[in-house]
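Chains as they are written, first to last, in this note's numbering: chain A, 447 to 793; chain B, 412 to 744. What follows is a short report on a single structure.
This is the structure we're talking about:
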């Protein structure tokens with residue numbers, strides 16, 4: 447029954463994308479982003495949260511508050527973008543937290559090595575490139591299992607969820623790697639024109655991926671595969687390649703998030719980096735309006751979803767509510783968001 | 412083949428054949444590993460090792476059994492790990508009244524969370540993955556709120572810890588007895604009662620089951636409540652065996668349980684499954700840790716505990732790839 451509903455929703459989605467394509471109304475990215483978020487009410491929720499905070503949270507309207515929230519939300523938002531793509535393809539990725547730990551562990555191992563000691567600049571570049579590439583390869587591995595062996599995404603990504611962090615822990619023997627490398631730490635603690643670097647990375651990634659989804663063949667194909675894979679394949683969409691690419695992008699983004707998280711702490715912790723990230727990313731993607739049945743990829747919605755979840759946590763924390771209550775609140779938000787989506791979908 | 416024959420066939424011949432083949436596969440793997448380990452390590456087949464191993468793994472087997480039912484309906488229950496933590500915290504708080512009170516309370520905690528899961532899934536029509544994901548967060552949050560963010564000491568005056576540490580006839584640990592009873596209960600439920608057939612029919616094809624007049628919602632209700640109740644029971648074992656209610660324990664247990672069910676050969680698409688293979692699957696995954704411990708004890712090589720997750724993941728990979736190859740070949744024919 448669920449799959450049946452999914453197909454119907456997917457078809458509807460495909461129709462609308464065709465219509466959009468035909469009308470070719472020149473709309474700016476921001477206008478389209480606005481309509482994207484207005485549809486699922488997430489933007490209203492966000493403004494409501496802002497208003498509540500301005501009214502009740504002490505010192506909310508200060509630049510410091512903005513910085514704290516931007517710093518904390520960046521990694522979730524980046525991973526949520528990848529998760530949105532994966533969910534749009536009709537799948538799920540449980541391994542993102544483990545891949546963050548893996549990338550976050552590999553980078554310091556490289557720039558702390560003897561080689562990097564003699565070639566600091568090259569060592570740093572290698573550290574970043576190799577760490578992200580490993581996460582991307584891991585994502586590709588997920589995609590391979592899912593598209594070639596037809597293993598359900600939840601099980602296929604469960605494999606790396608279990609062993610990915612294990613590999614990171616074995617590499618470091620489970621110990622903390624601390625480092626003092628200002629150029630690497632820049633991606634976690636630096637600022638450009640006063641804006642935290644990771645916030646800039648997040649925005650650049652979000653805008654460029656949103657653009658790719660709207661404008662490229664890949665975007666069209668992804669939504670087609672997520673909407674109705676069989677139909678898409680019959681229509682000549684290379685569904686397997688699209689899926690592999692999607693999981694790879696999700697892995698790459700998790701790798702970037704892992705590096706940022708490590709840079710913020712000036713230490714890599716294979717046990718803690720990215721812990722429970724898969725849940726936060728899935729929650730953010732859902733609040734952002736992605737359909738679990740696939741076929742819709744609201745990238746900017748995912749960023750907004752991450753911001754909403756972050757803001758709820760911050761609101762409760764800043765007003766002295768127990769940290770754990772925020773988890774319960776998050777649970778309620780997820781259910782309400784999905785329920786509202788479904789009610790709207792049924793109309 | 413039309414839908415009706417599929418539904419009728421699945422609970423019968425086809426399932427039996429599939430289940431027995433799976434059970435065979437797991438059993439052979441288990442036999443090989445046990446033989447290898449018993450030849451290599453002197454103490455492997457000692458009473459102490461077997462009982463300790465089973466007692467510790469009883470917690471995982473319990474949630475694996477519940478997960479097996481959920482997966483057979485085509486669903487998933489991600490909340491069990493958090494429910495174990497919540498139950499352990501709650502029963503630690505009431506441990507002074509003895510196990511007679513704590514045991515039902517722990518199960519009740521699981522029944523409550525299971526009921527909420529079931530209501531969200533059947534009434535709000537939210538997919539099990541999301542409904543139980545929310546409960547995963549919710550139950551964990553409740554556990555942390557109730558415990559005030561730290562582990563809750565249990566009472567050592569009452570008979571509460573006897574349940575986790577004591578033995579029946581001074582021989583079989585109580586958790587093992589409980590686990591075996593739960594296993595027998597689940598086996599009967601699946602094999603001998605209409606409920607079991609309904610579970611498989613729904614997993615085979617929910618829409619067709621509805622058309623045939625099966626009480627789909629009631630069956631789903633039963634499945635999520637059962638999964639919750641077993642998780643609650645597992646929480647009682649945790650608190651009683653380790654002497655504390657632990658709000659941060661049980662992280663990722665739901666995924667180990669899913670792995671055990673999958674290694675046992677139950678398909679995630681529902682409609683097929685076996686309680687016995689799930690038990691064997693859970694034991695097989697548990698053995699990996701046991702063997703690593705022994706291997707380190709020999710002192711020839713030293714594996715850190717972290718290797719166990721890599722090996723478990725690798726094991727899962729091998730199993731699902733073999734399964735997928737078998738399934739795809741069948742489809743090709």
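In this text, a Cβ means the ideal position worked out from N, Cα and C, and glycines have one as well.
Find the nearest neighbour of residue 721/A within the set 487/A, 488/A, 537/A, 548/A, judged by alpha-carbon distance. Comparing alpha-carbon positions, the option among 487/A, 488/A, 537/A, 548/A lying closest to residue 721/A turns out to be 548/A.
Does residue 773/A come within less than 8 Å of chain B when only Cβ atoms are used? Answer yes: the Cβ-Cβ gap between residue 773/A and chain B drops below 8 Å somewhere.
Which same chain residues, not among the five before or five after residue 708/B, have their C-beta less than 8 Å away from its C-beta? Closer than 8 Å at the Cβ level, and outside the excluded window around residue 708/B, lie 452.
Could you check how far apart the C-beta atoms of residue 495/B and residue 516/B are, in whole angstroms? I think they sit under 8 Å. About 14 Å separates the Cβ atoms of residue 495/B and residue 516/B, ruling out a contact at the 8 Å cut-off.
What do you get for residue 468/A, buried or exposed, if any count of 16 or more other CB atoms within 10 angstroms of its CB means buried? Per-residue confidence for residue 468/A stands at a pLDDT of 40, beneath the threshold of 50, marking its modelled position as unreliable; no derived number is given.
Tell me, to the nearest whole angstrom, how far the beta carbon of residue 535/A is from that of residue 738/A; I am working on the premise that it is less than 8 Å. The distance from the Cβ of residue 535/A to that of residue 738/A is about 12 Å, inconsistent with a contact at the 8 Å cut-off.
Neighbour list for residue 688/A in chain B, Cβ cutoff strictly below 7 Å: Among the residues of chain B, none has a CB under 7 Å from the CB of residue 688/A; the nearest is roughly 20 Å distant.
Residues of chain B with CB under 7 Å from residue 605/A, in chain order? Residues of chain B with a Cβ closer than 7 Å to the Cβ of residue 605/A are, in chain order, 724, 727, 728.
How would you list, in chain order, the residues of chain A whose beta-carbon sits under 8 Å from the beta-carbon of residue 718/B? For residue 718/B, the chain A residues whose C-beta falls within less than 8 Å of its own C-beta are 612, 616, listed in chain order.
Taking all protein chains shown into account, decide if residue 449/B is buried (16 or more other Cβ within 10 angstroms of its Cβ) or exposed. Under the 10 Å beta carbon count, residue 449/B is surrounded by fewer than 16 other beta carbons and is classified as exposed.
Going by C-alpha distance, which of 524/A, 494/A, 511/A is nearest residue 703/A? When only C-alpha atoms are compared, the closest one is 524/A.
Along chain B, in chain order, which residues have C-beta atoms closer than 9 Å to that of residue 609/A? The answer, in chain order, is 720, 721, 722, 723, 724, 725, 727, 728.
Residue ranges of each alpha helix (DSSP H) within the region 635-714 of chain B, 4 or longer: Runs found: 664-674, 686-709.
Given a cut-off of 8 Å on the beta-carbon distance, is the pair residue 566/B and residue 506/B in contact? Yes. Within cutoff.
Closest Cβ-Cβ distance between residue 777/A and chain B: below 8 Å? Chain B, which has a Cβ nearer than 8 Å to the Cβ of residue 777/A, makes this yes.
Please give me, in chain order, every unbroken run of the alpha helix (DSSP H) with length at least 4 that falls completely inside the region 712-754 of chain A. Counting only runs that start and end inside the region 712-754 of chain A, the alpha helix (DSSP H) elements of at least 4 residues fall at 723-733.
Check residue 583/B in the structure and name its three-state DSSP category. Looking at residue 583/B - three-state DSSP - the assignment turns out to be strand.
Does at least one heavy atom of the ligand HEM sit under 7 Å from the Cβ of residue 732/B? Summarising the ligand content, the structure contains no ligands, and the ligand HEM is consequently not present.
Check whether residue 550/B and residue 524/B have beta carbons under 8 Å apart: Remark: C-beta atoms of residue 550/B and residue 524/B approach each other more closely than 8 Å.
I'd like to know if residue 738/A contacts chain B, where contact means its C-beta is closer than 8 Å to some C-beta of that chain. With 8 Å as the cut-off, residue 738/A counts as an interface residue toward chain B.
Separation of residue 596/B from residue 602/B, as counted between CA atoms: The alpha-carbon atoms of residue 602/B and residue 596/B are separated by roughly 10 Å.
Chain A contact residues for residue 474/B, given Cβ-Cβ distances below 9 Å: Neighbours of residue 474/B on chain A: none; closest Cβ ~15 Å, over 9 Å.
Does the beta carbon of residue 785/A sit closer than 8 Å to a beta carbon anywhere in chain B? Chain B places a beta carbon closer than 8 Å to that of residue 785/A, counting this residue as a contact.
Buried versus exposed call for residue 436/B [16 or more other C-beta atoms within 10 Å across all chains shown]: By the 10 Å Cβ count, residue 436/B comes out buried.
So which residues of chain B does residue 645/A contact, with C-beta pairs closer than 9 Å? Here the premise fails: no neighbours, minimum Cβ distance about 26 Å.
Quick check on this structure: which residue in 656/B, 686/B, 583/B, 690/B has the alpha carbon closest to the alpha carbon of residue 459/B? For the set 656/B, 686/B, 583/B, 690/B, the Cα lying nearest the Cα of residue 459/B is the one of 583/B.
Can you give me the C-alpha to C-alpha distance between residue 470/A and residue 742/A, rounded to a whole angstrom? In this predicted model, residue 470/A has a pLDDT of only 42, less than 50, meaning its place in the structure is not dependable enough to derive any value.
Below 7 Å on C-beta distance, what does residue 551/B contact in chain A? Within 7 Å of the CB of residue 551/B, the CB atoms of chain A belong to 773, in sequence order along the chain.
Using only CA atoms, which one of 548/B, 571/B, 587/B lies nearest to residue 461/B? With distances taken between Cα atoms, residue 461/B lies closest to 587/B.
Please look up how many angstroms separate the CB atoms of residue 572/B and residue 498/B, rounded, as I've assumed it's under 8 Å. Rounded, the Cβ-Cβ distance is 16 Å, inconsistent with contact.
Where does residue 517/A sit, in a helix, a strand or coil, going by DSSP? DSSP, read as helix, strand or coil, puts residue 517/A in helix.
What does DSSP give as the partner residue(s) for residue 536/B in the beta ladder? Note: residue 536/B is not bridge-paired with any residue in the DSSP secondary-structure output.
Using 8 Å as the threshold, is the C-beta distance between residue 519/A and residue 752/A below it? Yes.
Can you give me the start and stop residues for the alpha helix (DSSP H) that residue 571/A sits inside? The continuous alpha helix (DSSP H) containing residue 571/A extends over residues 566-593.
Run the CB neighbour count on residue 624/A, radius 10 Å, all protein chains shown included, and call it buried at 16 or more, exposed below. With fewer than 16 other CB atoms across the displayed protein chains lying within 10 angstroms of its CB, residue 624/A is exposed.
Mind checking whether residue 761/A and residue 505/A have CB atoms under 8 Å apart? It is not a contact, given that the beta carbons lie outside the stated cut-off.
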